[in-house]
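K.L.:
Dropping a structure here in structure tokens format, bear with me for questions.
Numbering (the numbering used here), first residue to last: 307 to 552.
See the structure below:
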């Protein structure tokens, strides 16, 4: 650093430096502070949004869990869900609210509304998230109920990495059975049974056993599959798939 002979020279040098750089320095510091406090403010805002959305969703659940779903309660659910979707669309609670609306629409026989709500969830949620995987399966069931078998089966294409792979196979079986494709439905149910036996807790095995028994007199525990679960899933995605309700 350059040496100065007098304090006056140092002061003069400092003044010149300030004239040349002071404003940009202040601006730089200001921008840095703005970035820090702006980020903190954004984080606080996001947290407030989540907390408010959580409170609204809890109100929605309280209304939906009533033994008797009166028109007034259903209207309240619609209002709360609409608030979540309009004002808190960036939260997962809005997606859960849309799932609730889809469930009510199915109960009312309004499959078009159910499809719309489920597609909204899929557009808003991360594709690999649990809520997207649940919505995808429910949408497949809605499409199957409307007779769109191939679109439903296309949604139910899965790999072994899908944590809901066993329930997806049950949904495939139900879709194929409704379309009169009994042999393919049996294969899907058998695969679901094997997947459940390898990773218990995914399915209601009593219900699945009833489905199997209706198509095949052999008890599920005696059924021998020609392929292991993983390879069967991949084969199903490439062959047959090409040619719980909401």
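Quick reminder that beta carbons are idealized off the backbone N, C-alpha and C, glycines included.
Since we're looking at a predicted model, the values are computed, not measured.
1) Comparing C-alpha positions only, which one of 378, 357 and 413 sits nearest to residue 394?
2) Identify, in the order they occur along the chain, each residue of the same chain with its Cβ nearer than 6 angstroms to the Cβ of residue 551, setting aside the five sequence neighbours on each side.
3) Compute the beta-carbon to beta-carbon distance between residue 405 and residue 451, rounded to the nearest angstrom, for a pair I have assumed lies under 8 angstroms.
4) Could you tell me which of 391, 477 and 482 sits nearest to residue 366, measuring between CA atoms?
5) Going by C-alpha distance, which of 396, 420, 377 and 371 is nearest residue 622?
6) Note down the Cα distance separating residue 440 from residue 462, rounded to an integer number of angstroms.
7) In chain order, which continuous runs of the alpha helix (DSSP H) of length 4 or greater are located wholly inside the stretch 459-487?
8) Can you tell which of 398, 389, 412 and 423 has its C-alpha closest to the C-alpha of residue 431?
9) Anyone know if the C-beta pair for residue 472 and residue 501 falls short of 8 angstroms?
10) Just to confirm before moving on: does the CB-CB distance between residue 445 and residue 421 stay below 8 angstroms?
11) Would you identify the three-state DSSP class for residue 529, choosing helix, strand or coil?
12) One question on the structure: do residue 413 and residue 403 come within less than 8 angstroms of each other, judged by their Cβ atoms?
13) Alpha carbon to alpha carbon, how far is residue 442 from residue 427? Give it in angstroms, no decimals.
14) Considering only C-alpha positions, which residue in the set 411, 497 and 483 is nearest to residue 491?
15) The alpha helix (DSSP H) that contains residue 377, what's its start and end?
16) Rounded to the nearest angstrom, what separates residue 479 and residue 354 at their Cα positions?
17) What residue range is occupied by the uninterrupted alpha helix (DSSP H) comprising residue 436?
P.N.:
The short version:
1) Sequence index remark: in the chain shown, residue 394 carries index 88 (1-based). Per the Cα distances, 357.
2) As a position in the chain shown, residue 551 is number 245, starting the count at 1. In this prediction, residue 551 has a pLDDT of 39, which is less than 50 and means its spatial position is unreliable; what the coordinates show is noted afterwards. The answer, listed in chain order, is 447.
3) The residue you call residue 405 lines up with position 99 of the chain shown. The residue you call residue 451 lines up with position 145 of the chain shown. Not confirmed; about 17 angstroms, so no contact.
4) Within the chain shown, numbered from 1, the residue matching residue 366 stands at position 60. Answer by Cα proximity: 391.
5) This structure cannot settle anything about residue 622, because the visible part of the chain is limited to 307 through 552.
6) Within the chain shown, numbered from 1, the residue matching residue 440 stands at position 134. Within the chain shown, numbered from 1, the residue matching residue 462 stands at position 156. Roughly 11 angstroms separates the two Cα atoms.
7) 471-484
8) Within the chain shown, the letter at position 125 stands for residue 431. The option with the nearest alpha carbon to residue 431 is 398.
9) Counting from one through the chain shown, the residue named residue 472 turns up at place 166. Counting from one through the chain shown, the residue named residue 501 turns up at place 195. In contact: residue 472 and residue 501 (Cβ atoms closer than 8 angstroms).
10) Numbered from 1 along the chain shown, position 139 holds the residue referred to as residue 445. Numbered from 1 along the chain shown, position 115 holds the residue referred to as residue 421. For residue 445 and residue 421, yes; Cβs fall inside 8 angstroms.
11) Counted from its first residue, the chain shown places residue 529 at position 223. In this predicted model, residue 529 has a pLDDT of only 44, less than 50, meaning its place in the structure is not dependable enough to derive any value.
12) Position 107 of the chain shown, counting from 1, holds the residue named residue 413. Position 97 of the chain shown, counting from 1, holds the residue named residue 403. In this structure, residue 403 does not lie closer than 8 angstroms to residue 413 by Cβ.
13) Position 121 of the chain shown, counted from the start, is the residue given in the question as residue 427. Position 136 of the chain shown, counted from the start, is the residue given in the question as residue 442. Approximately 9 angstroms between the Cα atoms of the pair.
14) To locate residue 491, count along the chain shown from 1; it is residue 185. Nearest C-alpha to residue 491: 483.
15) In the chain shown, the residue the question calls residue 377 occupies position 71. Run containing residue 377: 377-393, per the alpha helix (DSSP H) assignment.
16) Locating residue 479 in the chain shown gives position 173, where the first residue counts as 1. Locating residue 354 in the chain shown gives position 48, where the first residue counts as 1. If I take the Cα positions, the gap works out to 44 angstroms.
17) Indexing the chain shown from 1 puts residue 436 at position 130. Unbroken alpha helix (DSSP H) run through residue 436: 436-451.
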